[in-house]
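Novice: The structure under discussion is supplied below as structure tokens; questions concerning it will follow.
There are 2 protein chains.
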Amino acid sequence: MRISELSRRSGVPLPTIKYYLREGLLPPGRQTAPNQASYDEQHVRRLRLIRALVEVGRLGLADVRRVVQAAADEAVPIGRAIGIAHRALDTSTPDRAADSDMAQALSDVDDYLRNRRWQVAPDAPARRALAGALDALRQLGRPASVDVLDPYADIADRLAKFELRATPDGTSRSETIEFAVIGTVVFEAALVALRRLAQEHHSRRRFR
Amino acid sequence: MRISELSRRSGVPLPTIKYYLREGLLPPGRQTAPNQASYDEQHVRRLRLIRALVEVGRLGLADVRRVVQAAADEAVPIGRAIGIAHRALDTSTPDRAADSDMAQALSDVDDYLRNRRWQVAPDAPARRALAGALDALRQLGRPASVDVLDPYADIADRLAKFELRATPDGTSRSETIEFAVIGTVVFEAALVALRRLAQEHHSRRRFR
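As given, the protein sequences belong to chains Z and A, one line each in that order. Per our numbering, residue 149 is the first one in the first sequence, and the count goes up by one each step. Per our numbering, residue 149 is the first one in the second sequence, and the count goes up by one each step.
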């Protein structure tokens, strides 16, 4: 397809597409004439991935580039590419590593993940984010055991399995990563919103 | 207790406590001598609530004040006070109201909440956040029906009920609100982190 159709199909304005091409976020089309190139479904999908990262994930261009490169590089295993996307999407965590309470929470989280046999990269930012939440609970005088995480971990486990099943078999590598990234940014936003709505609803019912 | 013990019990440094007192975020203690006041459990709990809002929720002082005032004002129903906390904690949403796709998504979310019989304030920010996620899915060429939200809404519903049951009966009004706010900010962070960890783990397993 021509670049104008690519713009129509993806909903991304023409000047933005040209900018992404110049920045190398979008691979060049197949040259069909000195001043004309042809684009395909892969370009449509790539543009969608970039949009999800920019508009929903609020990533800057440098982070978008990192995710897109990992998604495009066949040598990077899919799980690792998804980890890279998570790292780029991480917006949390004031640095509290020096704090001995935080070090304790980090080590508790490591034990917890080991007990659940979850295999994640040692530098996964969600690991630190989870330790930060656990540390905050302790600072706030709430139950200190990692067991309080169980109901949430069970739910997270079921959700991740459900979402992976929703990715059709035989989906291409880049589509799989696109699914995972969109799942992370969009469904995470939806889940957080729904949880707050449910919390408001049920507390109104209980305390009216 | 003296202000020094209040500082020790709450983990909040003395100068910060004095600042909160001056700013009216913490109610004054009972005067026991011209230059001495006595503080109680209510002050410990209030300081924990402020800490949760500042350190985990990343709220500014003006927003902390709004939440704390709603928590303290007996005339505000609990469900409403929790709604006010949610509004203050809302960090999302670039404004897209003018967009006709977004207007459609908002109206779909309203229908969806009505079908589920969830009663939430019409100006709940999570409503907009959910519509934003739905709109993003549609822009990304993903299934457009609100039914895609069902598994997430079921989970949110179960979580909210579980968390409310975890609030002991006979808990005071301000404690209940404190529980809800801590639940929102801390367990939300934990849930999001666990979901990413589970996603990374299961995608590594499936695609190795």
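For glycine and all other residues, C-beta sits at the position ideal for the given N, C-alpha and C.
Could you please give the first and the last residue of the uninterrupted beta strand (DSSP E) stretch that includes Arg-213 of chain A?
Specialist: Note, Arg-213 of chain A: premise wrong, no beta strand (DSSP E); alpha helix (DSSP H) at 209-220.
Novice: Which residues in the same chain have their Cβ closer than 6 Å to the Cβ of Asp-283 of chain A, if we skip the five residues on either side of it in sequence?
Specialist: Asp-249, Met-250, Ala-253.
Novice: List, in order along the chain, the chain A residues whose C-beta lies closer than 7 Å to that of Val-329 of chain Z?
Specialist: Those do not exist, as Val-329 of chain Z stays about 10 Å from chain A at its closest Cβ, beyond 7 Å.
Novice: For Val-340 of chain A, is the classification buried or exposed, using 16 other Cβ atoms within 10 angstroms of its Cβ as the cut-off for buried?
Specialist: Result: buried.
Novice: List the residues of chain A that Ser-351 of chain Z touches, going by C-beta distances under 7 Å, in chain order.
Specialist: Within 7 Å Cβ-Cβ: Ile-226, Gly-227, Ile-230, Leu-312, Ala-328.
Novice: May I have the straight-line CA-CA distance separating Val-329 of chain A from Gly-318 of chain Z, to the nearest angstrom?
Specialist: So the two alpha carbons sit approximately 43 Å from each other.
Novice: CB-CB under 6 Å to Ala-233 of chain Z, same chain, minus the five flanking residues each way: which ones, in chain order?
Specialist: Excluding sequence neighbours, Ala-233 of chain Z sits near Val-215, Val-329.
Novice: For the candidate residues Z:Ala-236, Z:Val-224, Z:Asp-271, whose alpha-carbon lies nearest to that of Thr-332 of chain Z?
Specialist: Checked all of Z:Ala-236, Z:Val-224, Z:Asp-271; the closest Cα to Thr-332 of chain Z is Z:Ala-236.
Novice: Are there 16 or more other CB atoms within 10 angstroms of the CB of Ser-158 of chain Z, so buried, or fewer, so exposed?
Specialist: Result: buried.
Novice: Can you give the Cα-Cα distance for Leu-174 of chain A and Met-149 of chain A, rounded to whole angstroms?
Specialist: Approximately 15 Å, taken between the alpha carbons.
Novice: Could you tell me if Ser-351 of chain Z is buried or exposed, where buried requires 16 or more neighbouring beta carbons within 10 angstroms of its beta carbon?
Specialist: Ser-351 of chain Z should be labelled buried.
Novice: Within the 8 Å Cβ cut-off, does Gln-252 of chain Z reach chain A?
Specialist: No, its Cβ sits nowhere closer than 8 Å to a Cβ of chain A.
Novice: 8 Å is my cut-off, CB to CB: does Val-360 of chain Z come that close to chain A?
Specialist: Since the first and last residues shown for chain Z are 149 and 356, residue 360 of chain Z lies out of range.
Novice: Got a sec, what are the start and stop residues for the alpha helix (DSSP H) Gln-190 of chain A sits in?
Specialist: Residues 189-199.
Novice: Tyr-168 of chain Z to Leu-312 of chain Z, Cα distance in whole Å?
Specialist: Each residue's alpha carbon lies about 29 Å from the other.
Novice: State the beta-bridge partners of Ser-186 of chain A as determined by DSSP.
Specialist: Note: Ser-186 of chain A sits in a beta bridge opposite A:Arg-178.
Novice: Is there a Cβ from chain Z that is less than 8 Å from the Cβ of Leu-166 of chain A?
Specialist: The identity of residue 166 of chain A in the sequence shown is Lys, whereas the question assumes Leu. No - not a single Cβ of chain Z is within 8 Å of the one on Lys-166 of chain A.
Novice: Quick check on DSSP: helix, strand or coil for Ser-115 of chain Z?
Specialist: For residue 115 of chain Z there is no data in the structure shown, the boundaries of chain Z being 149 and 356.
Novice: How about Ile-303 of chain Z and Leu-307 of chain A: are their beta carbons less than 8 Å apart?
Specialist: Contact: yes.
Novice: Taking C-beta to C-beta, are Leu-207 of chain A and Val-334 of chain Z nearer than 8 Å?
Specialist: Not a contact, by the Cβ cut-off of 8 Å.
Novice: Which runs of the beta strand (DSSP E) spanning at least 3 residues fall entirely within the region 225-304 of chain Z, listed in chain order?
Specialist: With a minimum length of 3 residues, no continuous beta strand (DSSP E) run stays inside the region 225-304 of chain Z.
Novice: With distances taken Cα to Cα, identify the nearest neighbour of Ala-269 of chain A among A:Ala-281, A:Ile-226, A:His-191, A:Asn-183.
Specialist: Checked all of A:Ala-281, A:Ile-226, A:His-191, A:Asn-183; the closest Cα to Ala-269 of chain A is A:Ile-226.
Novice: Could you check whether the Cβ of Gln-287 of chain A sits closer than 8 Å to any Cβ belonging to chain Z?
Specialist: With 8 Å as the cut-off, Gln-287 of chain A counts as an interface residue toward chain Z.
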